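Everything on this sheet refers to the single structure shown next.
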Amino acid sequence: MNIGLWILTTVLLIYSFIKDKAKTFSALKKAAKKLWSMSYLFFFVMAVFSFLLVIVPDYTFDSYIGAGSGIKGVIIALGFGSLSVMPGFVAFPIGAALKIQGVPLYIIAAFTLSLMTIGVVTFPIEKKFLGTRIAIVRNILAMFVCIITVVFFKMVFGE
Amino acid sequence: MRGRYIKIFFVLLFIVFIVLSYLIEYKTGKDTGDAFFHVLVEMLKILPFAFILIGLFEVWIKKETVVKHLGTKSGMKGYFWVLILAGFSVGGLYVAFPLSETLYKKGASLKVIFAFLGFAGIIRIPMTIFEISFLGLPFTIVRLMVTIPLFLLIGILLGSILEKRGFKFKIK
Chain V
6 MNIGLWILTT VLLIYSFIKD KAKTFSALKK AAKKLWSMSY LFFFVMAVFS
56 FLLVIVPDYT FDSYIGAGSG IKGVIIALGF GSLSVMPGFV AFPIGAALKI
106 QGVPLYIIAA FTLSLMTIGV VTFPIEKKFL GTRIAIVRNI LAMFVCIITV
156 VFFKMVFGE
Chain G
5 MRGRYIKIFF VLLFIVFIVL SYLIEYKTGK DTGDAFFHVL VEMLKILPFA
55 FILIGLFEVW IKKETVVKHL GTKSGMKGYF WVLILAGFSV GGLYVAFPLS
105 ETLYKKGASL KVIFAFLGFA GIIRIPMTIF EISFLGLPFT IVRLMVTIPL
155 FLLIGILLGS ILEKRGFKFK IK
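In structure tokens, the structure reads:
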């Protein structure tokens, strides 16, 4: 999986370099700047995550969002995703770490999707633009989309 | 400034905790260190590449070009363009709301606007690059294939119901 990413990046980088050196350097500069500006966030997430991984017993973890957690795991993941506000830059590494821990993809999808499409904490902002009723309707519809997608994930990828 | 000191303090605290744990053979600390190292290696295999891709994307493809074409919002074309526009948006949904207000002011239909609000959550390109890097291409493909049609449908349904009811966007 990583090899594809490495090859794609290298090929595009070389192509970009041949086409326009200055643009390529400014792209690399942007990349480095972004990575640096987020490095603390990554460090923090990794530190907290690895600590939690050690102190939370395996069976607790497994019974809440592990392979055997089923619908309970989906509900927890949906709830957690709806309630939290974090950039994808943090959510996807967490998702990858959960995958390594053996958490099924459909539960990871429940978390990342609800995070992206449902906003409980950001509701006041949404309300300002759409009005309370429509904002509620939009979030409920988004929840339906999350649930349907989770079902698809379960069918395609299984446990 | 103070936030910076807190950050440095936390990083040092964590490093000291891990190093001490190895020195005094404290199991929880050692395991945390091992797990941290493992995750760090995995991240380093992905992060630089994902960010370079995002950098290339930002340099080579301009958002302005997309916005310029949004004048054509007739029929299916409108949905196509807001799909692209959503791909170019940054930040979370809280950025999409002000943008949808702009679309509304420029005369986009409510159907197109609500489709945009749905798309904005799911297909931002930098985020998608990141998702593919960490969770794999099959994950992203399944997610997009299911969510895009659903949010398109929601946009059309919600938009046409609200148009019938004479819904007005709240403009500050």
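If you're matching them up, the sequences are chains V and G in order. The opening residue of the first sequence carries number 6 in this note's numbering; numbering runs sequentially from there. The opening residue of the second sequence carries number 5 in this note's numbering; numbering runs sequentially from there. Backbone N, C-alpha and C fix where the C-beta goes; we use that ideal spot for every residue, glycine too. Since we're looking at a predicted model, the values are computed, not measured.
Exercise. Whose C-beta lies closer than 8 Å to the C-beta of THR76/G among residues of the same chain, with five residues either side of it excluded?
Worked result: On the second sequence, position 72 is the one that residue 76/G refers to. Model confidence at THR76/G stands at a pLDDT of 49, short of 50, so the residue's coordinates are unreliable; what they give is reported in the following sentence. Non-local C-beta neighbours of THR76/G in its own chain, meaning closer than 8 Å and more than five positions away in sequence, comprise GLY82, TRP85, ordered along the chain.
Problem set entry | Distance CB(LEU48/G)-CB(GLY100/V) smaller than 7 Å | What you label residue 48/G is simply residue 44 of the second sequence in a count that begins at 1. What you label residue 100/V is simply residue 95 of the first sequence in a count that begins at 1. Their beta carbons are not under 7 Å apart, which means LEU48/G does not touch GLY100/V by this criterion.
Exercise. Would LEU162/G pass as a contact of PHE118/G if the rule is Cβ separation under 7 Å?
Worked result: Sequence index remark: in the second sequence, residue 162/G carries index 158 (1-based). Sequence index remark: in the second sequence, residue 118/G carries index 114 (1-based). Yes, they are a contact pair.
Exercise. Using the beta-carbon count (16 or more within 10 Å), is LYS115/G buried or exposed?
Worked result: On the second sequence, position 111 is the one that residue 115/G refers to. Its Cβ being crowded by 16 or more others within 10 Å, LYS115/G is buried.
Problem set entry | Proximal chain G residues relative to MET148/V, where beta-carbon distance stays under 7 Å | Residue mapping note: residue 148/V aligns to position 143 of the first sequence, counting from 1. What MET148/V touches in chain G: nothing, since even the nearest Cβ is about 11 Å away.
Exercise. Any C-beta of chain G sitting closer than 7 Å to the C-beta of PHE56/V?
Worked result: Residue 56/V sits at position 51 when you count from the first residue of the first sequence. Interface criterion met: the Cβ of PHE56/V is under 7 Å from a Cβ in chain G.
Exercise. Which residue comes first and which comes last in the alpha helix (DSSP H) that contains TYR98/G?
Worked result: Numbered from its first residue, the second sequence carries residue 98/G at position 94. Taken as a continuous stretch (DSSP letters only), the alpha helix (DSSP H) holding TYR98/G covers 97-109.
Exercise. Of all the alpha helix (DSSP H) runs that stay within the bounds of the segment 20-69 of chain G, which reach a length of 4 or more residues?
Worked result: Residue ranges of uninterrupted alpha helix (DSSP H) with 4 or more members, entirely inside the segment 20-69 of chain G and ordered along the chain, are 31-64.
Exercise. Whose CA, out of TYR20/V, ALA37/V, TYR69/V, MET43/V, lies closest to the CA of PHE108/V?
Worked result: As a first step, residue 108/V is located in the first sequence; it is residue number 103 there, counting from the start. Inspection of the sequence shows that residue 108/V is occupied by Val rather than by Phe. For VAL108/V, the nearest C-alpha among the options comes from TYR69/V.
Problem set entry | Cutoff 6 Å; reference ILE12/G; Cβ partners in own chain excluding five residues on either side | For the purposes of this step, residue 12/G is identified with residue 8 of the second sequence, where counting begins at 1. Nothing meets the Cβ criterion.
For this session: Tell whether a beta-carbon distance below 7 Å holds between VAL59/V and THR36/G.
Result: Stepping through the first sequence from its first residue, residue 59/V is reached at position 54. Stepping through the second sequence from its first residue, residue 36/G is reached at position 32. Yes, Cβ-Cβ distance for VAL59/V and THR36/G is below 7 Å.
For this session: Buried or exposed for THR117/V, please, with buried defined as at least 16 other CB atoms from any protein chain shown within 10 angstroms of its CB.
Result: Position 112 of the first sequence, counted from the start, is the residue given in the question as residue 117/V. THR117/V comes out buried.
Exercise. Checking contacts by CB at 7 Å: is GLU62/G closer than that to chain V?
Worked result: If you number the second sequence from 1, residue 62/G lands on position 58. Judged by the 7 Å Cβ criterion, GLU62/G is in contact with chain V.
Problem set entry | Integer-rounded CB distance, given that ARG143/V should sit under 8 Å from LEU157/G | What you label residue 157/G is simply residue 153 of the second sequence in a count that begins at 1. What you label residue 143/V is simply residue 138 of the first sequence in a count that begins at 1. So it is not a contact: roughly 14 Å between Cβ atoms.
Exercise. Looking only at C-alpha atoms, which of ILE113/V, GLN106/V, PHE128/V sits nearest to VAL79/V?
Worked result: For the purposes of this step, residue 79/V is taken as the residue at position 74 of the first sequence. If we check each option's Cα against that of VAL79/V, ILE113/V comes out closest.
Problem set entry | Inside the segment 108-175 of chain G only - alpha helix (DSSP H) runs reaching at least 4 residues | Counting whole runs of 4 or more residues, the segment 108-175 of chain G contains the alpha helix (DSSP H) stretches 114-126, 129-139, 141-168.
For this session: Tell me, please, whether the CB atom of MET160/V is closer than 7 Å to any CB atom in chain G?
Result: Your numbering for residue 160/V matches position 155 in the first sequence. So no, MET160/V is outside the interface.
Problem set entry | Burial state of ILE136/G (16 or more Cβ within 10 Å) | Locating residue 136/G in the second sequence gives position 132, counting from the first residue. It is buried - the Cβ of ILE136/G has at least 16 other Cβ atoms within 10 Å.
For this session: Leaving out five residues on either side along the sequence, give the residues of the same chain with a beta carbon under 6 Å from the beta carbon of ALA147/V.
Result: Along the first sequence, read from residue 1 onward, the residue named residue 147/V stands at position 142. Within the same chain, ALA147/V has close Cβ partners THR122, ILE123.
Problem set entry | Reduced DSSP secondary structure (H/G/I, E/B, other) of ILE123/V | Numbered from its first residue, the first sequence carries residue 123/V at position 118. Coil, per DSSP.
For this session: Counting only the same chain and skipping the five closest in sequence on each side, list residues whose C-beta sits under 6 Å from that of SER87/V.
Result: In the first sequence, residue 87/V corresponds to position 82, counting from 1. Answer for SER87/V: SER119, ILE123, VAL125, listed in chain order.
Exercise. Cα-Cα, which of PHE54/V, ILE139/V, PRO98/V, LYS38/V is closest to ARG169/G?
Worked result: On the second sequence, position 165 is the one that residue 169/G refers to. In terms of CA proximity to ARG169/G, ILE139/V leads the group PHE54/V, ILE139/V, PRO98/V, LYS38/V.
For this session: Evaluate LEU223/G with the Cβ neighbour count: other Cβ atoms within 10 Å of its Cβ, from every protein chain shown; 16 or more gives buried, anything less gives exposed.
Result: Beyond the ends of chain G as shown, which are 5 and 176, falls residue 223/G; an answer cannot be given.
For this session: Please list, in chain order, all residues of the same chain as LEU87/G whose beta carbon is under 6 Å from its beta carbon, the five residues on each side excluded.
Result: Here residue 87/G refers to the residue found at position 83 when the second sequence is read from its first residue. Annotation for LEU87/G: PHE123 place their beta carbon closer than 6 Å to its own, counting only its chain and skipping 5 residues before and after.
Exercise. Which whole-angstrom value is the C-beta distance of LEU10/V and ILE50/G, which I expect to be below 8 Å?
Worked result: Your numbering for residue 10/V matches position 5 in the first sequence. Your numbering for residue 50/G matches position 46 in the second sequence. Correct: roughly 7 Å between the Cβ atoms.
For this session: Look up PRO129/V in the DSSP assignment and say whether it is helix, strand or coil.
Result: The sequence position of residue 129/V within the first sequence is 124, counting from 1. DSSP, read as helix, strand or coil, puts PRO129/V in helix.
Problem set entry | Residue nearest to PHE97/V in terms of C-alpha spacing, selected from ARG6/G, ILE152/G, ALA54/G | Translated into the one-based positions of the first sequence, residue 97/V becomes position 92. With distances taken between Cα atoms, PHE97/V lies closest to ALA54/G.
Problem set entry | Backbone secondary structure at PRO98/V - three-state DSSP | Numbered from its first residue, the first sequence carries residue 98/V at position 93. Residue state, collapsed to three classes: helix.
Problem set entry | Members of the segment 45-79 of chain V that neighbour chain G once the beta carbon cut-off is set at 8 Å | Residues TYR45, PHE47, PHE48, PHE49, MET51, ALA52, PHE54, SER55, PHE56, LEU58, VAL59, ILE60.
For this session: In angstroms with no decimal places, state the Cα-to-Cα distance between SER31/V and PRO52/G.
Result: Mapped onto the first sequence, residue 31/V falls at position 26. Mapped onto the second sequence, residue 52/G falls at position 48. Each residue's Cα considered, the two are about 15 Å apart.
For this session: Tell me whether GLY163/V is buried or exposed, calling it buried when 16 or more other Cβ atoms sit within 10 Å of its Cβ.
Result: For the purposes of this step, residue 163/V is taken as residue 158 along the first sequence, with counting starting at 1. Flag for GLY163/V reads exposed.
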